[in-house]
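**Student:** Taking our numbering as reference, the numbering of the sequence shown is continuous, increasing by one, and the terminal residue is 105.
Handing you this structure, nothing more for now.
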Amino acid sequence: MFSHISSQRTAALVLAVMLVAGAGGLSGCRSGAQGAAPDVQVVKIHYERPLTPAESFQGLPADRIEQAIARDAARAAALSERFAGVPADRVQEQLDREAAG
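Pasting the structure below:
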């Protein structure tokens, strides 16, 4: 008979402790919110456009566009085979030399 009363008291005591802890936690959160605002950092992103404009197929018939794309793909495949394993800056130097002379 007494075990039933003690379990009710224990449950009430646990509930009261949880309510007090919850109220204390909420009041602690409110006091911290009144502090100084965090520092804001602004990050600038610089975008550079390529020097040469992209190839435009505007006004060309579809078959000409298809041929141009096929030529570009074949040239890219040939250059990939030719310069396999060569660093990109060396490839650009070699292509610039060939274009100049």
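Beta carbons: idealized from backbone N, C-alpha and C, even for Gly.
Going by the beta-carbon positions, is the gap between F61 and I49 smaller than 9 Å?
**Tutor:** Taking the first residue of the sequence shown as position 1, residue 61 is located at position 57. Taking the first residue of the sequence shown as position 1, residue 49 is located at position 45. Not in contact: F61 and I49 (Cβ atoms no closer than 9 Å).
**Student:** Under three-state DSSP, which class holds V24?
**Tutor:** Position 20 of the sequence shown, counted from the first residue, corresponds to residue 24. Note: V24 maps to helix in three-state DSSP.
**Student:** At a Cβ threshold of 9 Å, is I69 touching chain B?
**Tutor:** Protein chain content of the structure displayed is limited to a single chain, and chain B is not contained in it.
**Student:** Who are the Cβ neighbours of V95 in its own chain at under 7 Å, not counting the five residues just before and after it?
**Tutor:** Your numbering for residue 95 matches position 91 in the sequence shown. Cβ neighbours of V95 beyond the five flanking positions: F87.
**Student:** Does DSSP classify D43 as helix, strand or coil?
**Tutor:** The residue you call residue 43 lines up with position 39 of the sequence shown. D43 falls in the coil class under three-state DSSP.
**Student:** Short of 8 Å in beta carbon distance, which residues of its chain neighbour G63, apart from the five on each side in sequence? Order them along the chain.
**Tutor:** In the sequence shown, the residue the question calls residue 63 occupies position 59. Closer than 8 Å at Cβ, skipping near neighbours: no residue.
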